[in-house]
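Going by our numbering, the sequence shown opens with residue 473, and the numbers climb by one from there.
Presented below is the structure to which this report refers.
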Amino acid sequence: MRYSDDVLDSFDRRKPRRVTPEHDAELGMVVEDAGSGFCGEIVGFEYGAVTLEDRHGRRRHFPLDPAAFLLDGTVVTLRRPQSSAAPAQPRRTASGSVAAAPGRAQVARAGRIWVEGLHDAELLERIWGDDLRAEAVVVEPLHGVDDLPAAVREFAPGPGRRLGVLVDHLVTGTKEARLAQAVDSPHCLIAGHPYVDVWQAVKPSRLGMEEWPVVPYGHPWKEGICAALGVKEPALFWRRLLSRVDSYHDLETPLVNSVERLIDFVTAPQE
């Protein structure tokens, strides 16, 4: 018996090749395992397999092999659906605010926020720097508040030129409180915190301490702290302390609240 040279000549080449349809395996879909006849609802996925649960509550795992399942009586290939990417979480600034999209540099507002010294300004930049740039607010150190009423009068705050002032040790009966009361402009907000120095507004836990050392009344606070901690270089100590501050969570609440109030005040819409 002779055979043709091509053993495939006996097949009808015009007959279409059967293709098994593919379906995403969705939770809640009822399918049947073609090999075992186990029928159930898709309740989960695990390591390339699908978990089916039948009407009696029994569960079995089946690999997602080609043509391994029946869907409405039709042989299908189930594929695990691509998990949709979780929505991107908005980036937060160190102050906890939603970070603004990068944009062009802005012209600074006429309004300002004043702080007592360079350390205060550096701390605000570290935590609120992104927010301040987004709002085009400039922070300026005063190097003390002894001349605060005169400085405010010279600045001449107004509806489109608001002024916020952050004052250390703003406690009833203190010199700082009396100076604050001498400022009567409705376009100037003075807010503060009870700490003698802004260093003290950093939670001592950032340095592994339960509390800051107590400095006797009448003694310079920074010098007293450095002496109690055996610090010889206050400037280096400040750099170390500042480096431990990563977010508003590392600061005491009175300072955080006051800074937020000042930013809101200075950036409020014009009256």
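Heads up, the beta-carbon is just placed ideally off N, CA and C, and yes, glycines get one too.
Quick caveat, the model's predicted, so the values are computed rather than measured.
1) Have a look at His591, His721, Met501 and flag the residue whose alpha-carbon is nearest the alpha-carbon of arginine 712.
2) If we ignore side chains and look at the alpha-carbon of each, how far apart do serine 730 and glycine 601 end up?
3) Looking only at its chain, what residues have a beta carbon closer than 6 Å to the beta carbon of leucine 596, apart from the 5 residues adjacent to it on each side?
4) Just to confirm the assignment: which complete beta strand (DSSP E) runs, minimum length 3, are found wholly within the region 640 to 686?
5) For the alpha helix (DSSP H) that contains arginine 598, what are its first and last residues?
6) Could you tell me the distance, in whole angstroms, from the CA atom of lysine 704 to the CA atom of histidine 641?
7) Residues in the same chain with beta-carbon distance under 7 Å from alanine 558, minus the five sequence neighbours each way, listed in chain order, please.
8) Among Pro538, Leu536, Gly512, whose alpha-carbon lies nearest the alpha-carbon of glycine 529?
9) Are the Cβ atoms of glutamate 498 and proline 535 separated by less than 8 Å?
10) Is the number of C-beta pairs between the region 684 to 703 and the region 716 to 728 that are closer than 8 Å three or more?
11) Would DSSP call aspartate 505 helix, strand or coil?
12) Need the endpoints of the beta strand (DSSP E) that phenylalanine 534 sits in, please.
13) Within a Cβ cutoff of 8 Å, which residues of the same chain sit near aspartate 656, ignoring the five residues on either side of it in sequence?
14) CB-CB under 7 Å to arginine 650, same chain, minus the five flanking residues each way: which ones, in chain order?
15) Would you decide whether alanine 740 is buried or exposed? Buried here means 16 or more other CB atoms lie within 10 Å of its CB.
16) Apply the 10 Å Cβ neighbour rule to glutamine 672 and answer buried if 16 or more other Cβ atoms are within range, or exposed otherwise.
17) If I measure Cβ to Cβ from valine 579 and keep anything under 8 Å in the same chain, skipping five residues before and after, which residues do I get?
Let me lay it out:
1) Among His591, His721, Met501, the Cα nearest to that of arginine 712 is on His591.
2) Cα atoms of serine 730 and glycine 601: separation of roughly 15 Å, rounded to the nearest angstrom.
3) Hits under 6 Å: Val611.
4) If we require 3 residues or more, the beta strand (DSSP E) runs fully inside the region 640 to 686 come out as 660 to 664.
5) Counting along the chain, the alpha helix (DSSP H) containing arginine 598 begins and ends at 590 to 606.
6) Taking the straight line joining both Cα atoms gives about 25 Å.
7) No answer about alanine 558 holds up, because its pLDDT of 47 lies below 50 and its placement is not dependable.
8) Nearest option by C-alpha distance: Gly512.
9) In this structure, proline 535 does not lie closer than 8 Å to glutamate 498 by Cβ.
10) The answer is no - the region 716 to 728 does not touch the region 684 to 703, with fewer than three Cβ pairs under 8 Å.
11) Strand at aspartate 505.
12) Run containing phenylalanine 534: 531 to 535, per the beta strand (DSSP E) assignment.
13) Same-chain partners within the cutoff: there are none.
14) If you ignore the 5 residues before and after arginine 650, its C-beta comes within less than 7 Å of no other C-beta in its own chain.
15) Classification of alanine 740: exposed, given that the 10 Å Cβ count is below 16.
16) So glutamine 672 ends up on the buried side.
17) Once the five neighbours on either side are set aside, the close Cβ partners of valine 579 are Ala608.
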